[in-house]
Every structure is written in C-alpha cells, then in structure tokens.
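2 protein chains.
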Amino acid sequence: MEVFIEPIGRLINEFSKLPGVGRKTAQRYAYRVINMTESEAQAFAAAIVNAKKKVRYCKVCGNFTEEEECEICRTRDRRTICVVKEPKDVIALEKLHEYRGVYHVLHGVINPMEGVGPNDIRIRELLARIGEGGVEEVVLATNPDVEGDATALYIAKLIKPLGVKCTRLARGIAVGSEIEYTDDVTLARAFLERKEI
Amino acid sequence: MEVFIEPIGRLINEFSKLPGVGRKTAQRYAYRVINMTESEAQAFAAAIVNAKKKVRYCKVCGNFTEEEECEICRTRDRRTICVVKEPKDVIALEKLHEYRGVYHVLHGVINPMEGVGPNDIRIRELLARIGEGGVEEVVLATNPDVEGDATALYIAKLIKPLGVKCTRLARGIAVGSEIEYTDDVTLARAFLERKEI
Chain A
53 MEVFIEPIGR LINEFSKLPG VGRKTAQRYA YRVINMTESE AQAFAAAIVN AKKKVRYCKV
113 CGNFTEEEEC EICRTRDRRT ICVVKEPKDV IALEKLHEYR GVYHVLHGVI NPMEGVGPND
173 IRIRELLARI GEGGVEEVVL ATNPDVEGDA TALYIAKLIK PLGVKCTRLA RGIAVGSEIE
233 YTDDVTLARA FLERKEI
Chain B
53 MEVFIEPIGR LINEFSKLPG VGRKTAQRYA YRVINMTESE AQAFAAAIVN AKKKVRYCKV
113 CGNFTEEEEC EICRTRDRRT ICVVKEPKDV IALEKLHEYR GVYHVLHGVI NPMEGVGPND
173 IRIRELLARI GEGGVEEVVL ATNPDVEGDA TALYIAKLIK PLGVKCTRLA RGIAVGSEIE
233 YTDDVTLARA FLERKEI
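Heads up: the sequence lines are chains A and B, in that order.
Offset between the first sequence (1-based) and my numbering: plus 52.
Offset between the second sequence (1-based) and my numbering: plus 52.
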C-alpha cells in the first residue's frame with residue numbers, strides 16, 4: 053500500500069513545489085492543513101486563487117498591482133526611476149519610507165550562464181519610459197553581485213547618452229556590522245571608496 | 053500606502069499560519085504562487101480543500117483515512133497493536149515494511165505541563181479495543197522522551213492486568229552512529245540494557 057493516502061500525498065506534492073520546501077516540510081504543512089477547520093482551509097485555498105487571479109504586473113513599472121497601473125506609478129514623482137531586479141526589492145525599499153520616486157522592475161538580471169540576455173528582462177520598457185521624457189535620474193538598485201553589477205553597467209551605458217543622470221546604490225560595510233567579520237571583497241571596496249569626513 | 057497589495061498580503065498571512073513559517077518565507081511562497089500558471093494555482097488550492105474534506109480519522113485506530121476504517125485496520129493482523137503519538141509515526145514505521153500488525157494513534161501524549169491528561173488522548177479507545185478481545189501484544193512506540201515514557205508507563209499499568217503482553221521499542225545507540233558522539237543518557241541506557249551476544 054501507498055505510505056500516504058491519496059489526498060495527503062497530493063497535498064504534499066503541491067507544497068513541495070514551493071521554494072526550499074522538501075518532502076518532510078511539505079508533510080508538516082499538509083498535516084497542519086488537515087488540522088485546520090474547514091473554513092480555515094477554505095480561506096487558505098481562496099487566498100491562493102485570489103492572489104493568482106487579482107495580482108498582475110503594472111504596465112508601466114512591472115511591479116505587482118491590482119490595477120492596470122500601480123499606485124506608486126500613479127501618485128509619485130516620475131522624475132526619478134529606481135531600477136530593481138524583482139518586486140520584492142520594491143518592498144524592501146518602500147519599507148524605508150525614504151524614496152519618493154517611481155520604480156522599474158526588470159524581472160531578472162542579465163545572466164549569460166543561465167541564458168538570460170538583455171532582451172529577456174525589461175530593459176526595452178525602461179528605455180521607452182525614458183524616451184517619453186521627464187526622467188532626470190535613474191537609480192540602478194540591482195543586487196551588488198556579478199549579475200547585478202553587469203546589468204547595472206549595461207543599462208548605464210544605454211542611458212547615459214540620453215543625458216539622464218545614472219546612479220548606483222553605495223557599497224561599503226554594513227551599518228552596525230563589525231569590520232572583523234566583514235567579507236574581504238566588501239571591506240576592500242569600502243576602503244577603496246572611502247570618503248572624507 | 054500598504055507595503056503589500058491586499059491579495060498578496062492576505063496570501064502571506066495564510067502561509068504564515070504554517071508551522072515554522074515566518075513573514076519572509078511566507079513572502080517567498082506567495083511570490084511563487086503569483087508566478088504559477090492559473091491552473092497550477094487552482095490545483096494547489098484544490099489540493100488543500102480536497103485534503104481537508106476527504107481526510108478523516110479511522111474510527112478504530114485514529115490514523116488518517118478516506119474511509120470510515122483505514123486500510124491497515126481492515127487488512128492487517130489485529131493481534132498486535134502498535135501505539136503511537138501521531139499519524140506521522142505510523143508513516144515512519146510503515147516505511148520499514150516490517151510490522152504486520154495494526155496501530156493505535158493517541159493524538160498526543162500525557163503532558164501535565166501543557167494540561168494534557170490521560171483523558172485528553174485516545175487511551176480510553178485503546179482500552180475499548182483491547183476489551184473486545186483478540187489482542188495479544190501492545191507495542192508502546194511513543195517517543196523516547198519524558199512525556200513519551202510517562203505515557204507508555206501509564207498505558208502499560210492499565211493494560212498489564214488485562215493479561216496482554218506489553219512491549220516498548222528498544223533504546224540504545226543508533227545504528228551507524230559513533231559512541232563518541234552519542235549523548236550521555238542514551239549511552240548510559242545502552243550500557244545498562246546491554247545484551248549478551
């Protein structure tokens with residue numbers, strides 16, 4: 053006989069599709085569902101279908117939205133565009149309550165090793181936005197890793213001739229961290245880009 | 053404005069209810085759902101509702117089943133009952149393909165610190181099964197911890213006067229482990245219960 057009865061096995065399979073979830077974790081999640089009340093399980097399932105159905109990408113910036121154009125694009129200062137890799141980067145930056153401009157979500161970075169070229173991410177759309185005029189600065193906020201840096205450089209090369217200011221997030225040792233435990237590359241970079249006080 | 057749009061926030065909330073899932077992990081799961089196809093999301097939601105609706109507890113042993121009585125109870129040797137804390141213990145034991153008897157799932161162990169007494173777990177149901185006759189041995193396979201041991205002892209005291217053989221899983225050093233790294237309690241126990249070869 054099968055170790056799991058069919059409805060549990062099927063649910064474990066579904067949970068296993070989530071990122072970083074193995075069989076054991078999926079099993080624990082499935083047991084949790086079975087111990088939910090009927091209405092809790094219904095609410096859980098409804099939230100999944102609802103999110104998938106209602107969430108789409110903003111036609112301007114590519115971020116998640118329920119409308120055609122997201123709230124940030126509709127209400128904020130369009131002179132500055134902050135370019136990020138993924139929607140979750142927008143969340144991280146929005147939590148700061150510092151930035152008042154708009155975003156542009158690339159949905160990826162250039163990564164030749166994985167076959168992702170400039171045409172596979174939303175660079176064309178970014179150039180089109182800049183082409184419409186009114187953009188004064190583009191902040192390249194891709195991750196400080198090889199792919200993120202390469203993508204930022206690639207975009208900067210395309211944008212600079214258009215007369216738009218192009219910036220990149222500052223790199224250095226993390227606030228509150230200890231020099232002793234900072235990795236070599238970061239420390240070297242922080243030293244190289246040291247500022248007069 | 054809210055950091056997350058409503059459908060995403062709601063889905064993150066639902067995922068946060070799963071055991072060991074914090075906000076960050078729930079967020080990653082929610083993003084995965086949004087990147088699913090419509091039919092994948094539908095299948096995921098359906099598996100949740102389906103599992104909750106179809107899975108119930110076997111009226112005899114208390115294990116998960118789709119029928120009134122589970123397949124193990126219907127088809128296996130009822131002379132031996134293996135008593136476990138949770139359905140997942142049945143899964144672990146069934147994987148061995150060694151045991152040919154039936155089970156009894158307590159759905160908990162006696163734990164006075166958390167207010168769980170003998171009447172809060174399925175001990176009464178176990179005694180009723182034994183009372184029906186035909187049971188020759190009860191294997192107490194609760195976890196080898198304080199609560200598991202106390203529960204096993206409690207049950208053994210009730211069962212022994214009924215003339216039923218009562219056994220407990222052997223404790224000792226794990227097969228393939230190293231004595232050097234075995235914890236003191238286990239090692240002491242293994243020494244005490246050493247067997248002639």
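Beta carbons: idealized from backbone N, C-alpha and C, even for Gly.
Bounding residues of the beta strand (DSSP E) (the contiguous stretch that carries residue i)
| i | result |
| --- | --- |
| residue 155 of chain B | 153–157 |
| residue 247 of chain B | Unbroken run through residue 247 of chain B: none, as it is neither H nor E. |
| residue 77 of chain A | That residue, residue 77 of chain A, is in no beta strand (DSSP E); its alpha helix (DSSP H) goes 75–86. |
| residue 174 of chain B | Run containing residue 174 of chain B: none; DSSP gives neither H nor E here. |
| residue 111 of chain A | Here residue 111 of chain A belongs to no beta strand (DSSP E), and DSSP marks it neither H nor E. |
| residue 220 of chain B | 217–220 |
Pair within 8 angstroms by beta-carbon distance, residue i and residue j
| i | j | result |
| --- | --- | --- |
| residue 64 of chain B | residue 116 of chain A | no |
| residue 159 of chain A | residue 189 of chain A | no |
| residue 78 of chain B | residue 68 of chain B | yes |
| residue 96 of chain B | residue 123 of chain A | no |
| residue 135 of chain B | residue 179 of chain B | no |
| residue 120 of chain A | residue 163 of chain A | no |
| residue 186 of chain A | residue 131 of chain A | yes |
| residue 129 of chain A | residue 193 of chain A | no |
| residue 156 of chain A | residue 176 of chain A | no |
| residue 221 of chain B | residue 84 of chain A | no |
| residue 181 of chain B | residue 133 of chain B | yes |
| residue 146 of chain B | residue 57 of chain A | no |
| residue 93 of chain B | residue 73 of chain A | no |
| residue 55 of chain A | residue 143 of chain B | yes |
Closest residue to residue i among the options (Cα-Cα distance)
| i | options | result |
| --- | --- | --- |
| residue 103 of chain A | B:205, B:61, B:182 and B:207 | B:61 |
| residue 242 of chain B | B:224, B:236 and B:233 | B:224 |
| residue 89 of chain B | A:105, A:204, A:75 and A:170 | A:105 |
| residue 204 of chain B | B:161, B:55, B:99 and B:93 | B:161 |
| residue 170 of chain A | A:183, A:144, A:184 and A:202 | A:202 |
| residue 196 of chain B | B:82, B:172 and B:238 | B:238 |
| residue 213 of chain B | B:230, B:183, B:99 and B:231 | B:183 |
| residue 82 of chain B | A:236, A:167, A:98 and A:240 | A:98 |
Boundaries (first-last residue) of the alpha helix (DSSP H) holding residue i
| i | result |
| --- | --- |
| residue 145 of chain B | 139–146 |
| residue 197 of chain A | No alpha helix (DSSP H) holds residue 197 of chain A; DSSP gives it neither H nor E. |
| residue 127 of chain A | 123–127 |
| residue 105 of chain B | 90–106 |
| residue 62 of chain A | 58–68 |
Partner residues on chain C for residue i, Cβ-Cβ distance less than 8 angstroms
| i | result |
| --- | --- |
| residue 62 of chain B | Looking for chain C here will not work: the only protein chains present are A and B. |
Does the region 148–167 of chain B come within contact of the region 216–225 of chain B, defined as at least 3 CB pairs closer than 8 angstroms? no
For the region 104–128 of chain B, which residues have a CB atom closer than 7 angstroms to at least one CB atom of chain A, in sequence order? 104, 106, 107, 116, 117, 118 and 123
Could you run through the region 213–247 of chain A and flag, in chain order, every residue whose CB is less than 9 angstroms away from some CB of chain B? none
Near-chain B residues of the region 93–104 of chain A - C-beta to any C-beta below 9 angstroms: 93, 94, 95, 96, 97, 98, 99, 100, 101, 102, 103 and 104
Closer than 9 angstroms, Cβ to Cβ, to anything on chain A: give me those residues from the region 66–91 of chain B, in chain order. 66, 67, 69, 70, 71, 72, 73, 77, 79, 80, 81, 82, 83, 84, 85, 86, 88, 89 and 90
Looking at chain B, which residues of the region 180–193 of chain A have a Cβ within less than 8 angstroms of any of its Cβ atoms? none
Which of the residues in the region 142–174 of chain B, read from start to end, lie with their CB under 8 angstroms from any CB of chain A? 143, 146 and 147
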